[in-house]
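**Q**
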Amino acid sequence: MDTVALVPAAGRGTRLGAGVPKALVRVLGQSLLSRAVRGLLDSGSVGHVVVAAAPDQLDLMGREVRDLGDRAHVVPGGGERTDSVRAALRAADRLVPSAGIVLVHDAARAFTPARVIRDVVGAVERGARAVVPTLPVADTIKRVDDDGVVAETVDRSPLRAVQTPQGFTVDVLREAYSAAGDVATDDAGLVERLGYPVETVEGHTHALKVTTSFDLAVAEAVLATAPAELPESRLDTPGSPDDTGSDNSRKVR
Ligand SMILES: Nc1ccn([C@@H]2O[C@H](COP(=O)(O)OP(=O)(O)OP(=O)(O)O)[C@@H](O)[C@H]2O)c(=O)n1
Ligand SMILES: C[C@](O)(CO)[C@H](O)COP(=O)(O)O
Numbered sequence: 001m002d003t004v005a006l007v008p009a010a011g012r013g014t015r016l017g018a019g020v021p022k023a024l025v026r027v028l029g030q031s032l033l034s035r036a037v038r039g040l041l042d043s044g045s046v047g048h049v050v051v052a053a054a055p056d057q058l059d060l061m062g063r064e065v066r067d068l069g070d071r072a073h074v075v076p077g078g079g080e081r082t083d084s085v086r087a088a089l090r091a092a093d094r095l096v097p098s099a100g101i102v103l104v105h106d107a108a109r110a111f112t113p114a115r116v117i118r119d120v121v122g123a124v125e126r127g128a129r130a131v132v133p134t135l136p137v138a139d140t141i142k143r144v145d146d147d148g149v150v151a152e153t154v155d156r157s158p159l160r161a162v163q164t165p166q167g168f169t170v171d172v173l174r175e176a177y178s179a180a181g182d183v184a185t186d187d188a189g190l191v192e193r194l195g196y197p198v199e200t201v202e203g204h205t206h207a208l209k210v211t212t213s214f215d216l217a218v219a220e221a222v223l224a225t226a227p228a229e230l231p232e233s234r235l236d237t238p239g240s241p242d243d244t245g246s247d248n249s250r251k252v253r
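Just so you know, UniProt numbering puts 213 at position 213 of the sequence shown, and the rest follows in order with no gaps.
(1) Counting along the chain, where does the alpha helix (DSSP H) carrying residue 202 start and finish?
(2) What's the gap between the Cα of residue 93 and the Cα of residue 206?
(3) Please identify the residue among 136, 13, 150 whose C-alpha is closest to the C-alpha of residue 158.
(4) Three-state secondary structure (DSSP) at residue 142?
(5) Check the DSSP bridge columns for residue 31 and list the partner residues they point to.
(6) What does a CB cutoff of less than 8 Å around residue 102 pick up in its chain, not counting 5 residues either side in sequence?
(7) Specify which residues have a beta carbon nearer than 7 Å to any heavy atom of ligand 1, listing them in chain order.
(8) Is it buried or exposed for residue 28, if we count other Cβ within 10 angstroms and need 16 for buried?
(9) Can you look up residue 214 in the DSSP assignment and give me helix, strand or coil?
(10) Once DSSP output is grouped into helix, strand and coil, what is the label at residue 206?
(11) Give me the Cβ distance between residue 34 and residue 65, rounded to the nearest whole Å; I'm assuming they're in contact under 8 Å.
(12) On a Cα-Cα basis, can you pick out the residue from 26, 87, 176, 134 that is closest to residue 108?
(13) Compute the minimum distance between the beta carbon of residue 162 and the heavy atoms of ligand 2, and state whether it is under 6 Å.
(14) What are the residues that DSSP puts in a beta bridge with residue 131?
(15) Quick one: grab the DSSP three-state call for residue 149.
(16) Could you tell me which of 154, 155, 162, 79 sits nearest to residue 104, measuring between CA atoms?
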């Protein structure tokens, strides 16, 4: 079954404050968008990518993927992330009609290891309607009242931090976006609202979302110190600095 990845890249990067669109920020000479798109295609599990860019940045974003030919397309995104994903999904229906599996992957998660991409696609190939990569929560989580006073310390053992790429069968994602109103949630959240189970696979600390300048500094440091020849298994080995915790694959209902 063909797999197409939708890459929302139309955000303004306000929290990063780079002065240029976040997807165009360069790390060691390569833009976040270029890294995210090539990471998907180089994983061996994704055949085509559709990027949603701000309407006034179509040419700039197009230059980042121009050498990839018809494997990468750039279309206008929208005011909210869900608008961008909806636009990319509509374009993918036209540009890659053979796709049965759809990933949605933030351009801001440009350092996601290929293992995560392959695990997400593999889970859908094995029958999942929806699947998300997740990490255990490392911080204590507390619920606060309207005055900002702690009301409860939450049991964090069942909680997971959700990353991308998120994977779906194309029919389920189409149904979710057809039914979606104006909601602030991730793509799996729209599928959960329809009652479909959302499975999980192990994420990776390198799949962080570049949001602030600190995230960018972390990404640059990791990239500069993680030799290319370092096998992924070493990065995923329990106890390594990138230990992502115990296996947390499970169904979310
Ligand atoms: N209208 C939007 C808003 C966000 N995104 C994309 O969704 C991903 C995750 O969003 P986020 O990290 O919040 O990016 P920004 O919205 O750019 O960040 P900020 O909120 O700091 O402006 C990013 O790749 C961003 O480009 C998008 O395609 N269209
Ligand atoms: C989709 C996402 O990456 C899951 O963690 C995240 O929700 C995107 O960031 P946003 O600020 O919600 O757009």
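Glycine included, every Cβ here is placed at the ideal spot set by N, Cα and C.
**A** In brief:
(1) In the sequence shown, residue 202 corresponds to position 202, counting from 1. Counting along the chain, residue 202 falls outside any alpha helix (DSSP H), though it belongs to the beta strand (DSSP E) covering 198 to 202.
(2) As a first step, residue 93 must be located in the sequence shown, where it is residue number 93. As a first step, residue 206 must be located in the sequence shown, where it is residue number 206. Computed Cα separation, rounded: 30 Å.
(3) For the purposes of this step, residue 158 is identified with residue 158 of the sequence shown, where counting begins at 1. Taking only the C-alpha atoms, the option nearest residue 158 is 136.
(4) In the sequence shown, the residue the question calls residue 142 occupies position 142. Residue 142: strand per DSSP, three-state reduction.
(5) Here the question's residue 31 lines up with position 31 in the sequence shown. Answer is 26, bridged to residue 31.
(6) Start at 1 with the first residue of the sequence shown, and residue 102 comes out as number 102. Excluding positions up to five away in sequence, the list reads 3, 4, 5, 6, 89, 92, 167, 168, 169, 170, 173.
(7) 8, 9, 10, 11, 12, 13, 14, 15, 16, 22, 23, 52, 77, 78, 79, 80, 81, 83, 84, 106, 107, 108, 209, 211
(8) Looking up residue 28 in the sequence shown gives position 28. Flag for residue 28 reads exposed.
(9) Looking up residue 214 in the sequence shown gives position 214. It is helical.
(10) Locating residue 206 in the sequence shown gives position 206, where the first residue counts as 1. Residue 206 falls in the helix class under three-state DSSP.
(11) Numbered from 1 along the sequence shown, position 34 holds the residue referred to as residue 34. Numbered from 1 along the sequence shown, position 65 holds the residue referred to as residue 65. Indeed they touch by this definition, with Cβ atoms about 7 Å apart.
(12) Locating residue 108 in the sequence shown gives position 108, where the first residue counts as 1. The shortest Cα separation from residue 108 among 26, 87, 176, 134 belongs to 26.
(13) Along the sequence shown, one-based indexing puts residue 162 at 162. Residue 162: yes, Cβ under 6 Å from ligand 2.
(14) Position 131 of the sequence shown holds residue 131. Paired residue(s): 167, 199.
(15) As a first step, residue 149 is located in the sequence shown; it is residue number 149 there, counting from the start. Here residue 149 sits in coil by DSSP.
(16) The count along the sequence shown starts at 1 and reaches residue 104 at position 104. Ranking 154, 155, 162, 79 by Cα distance to residue 104 puts 162 first.
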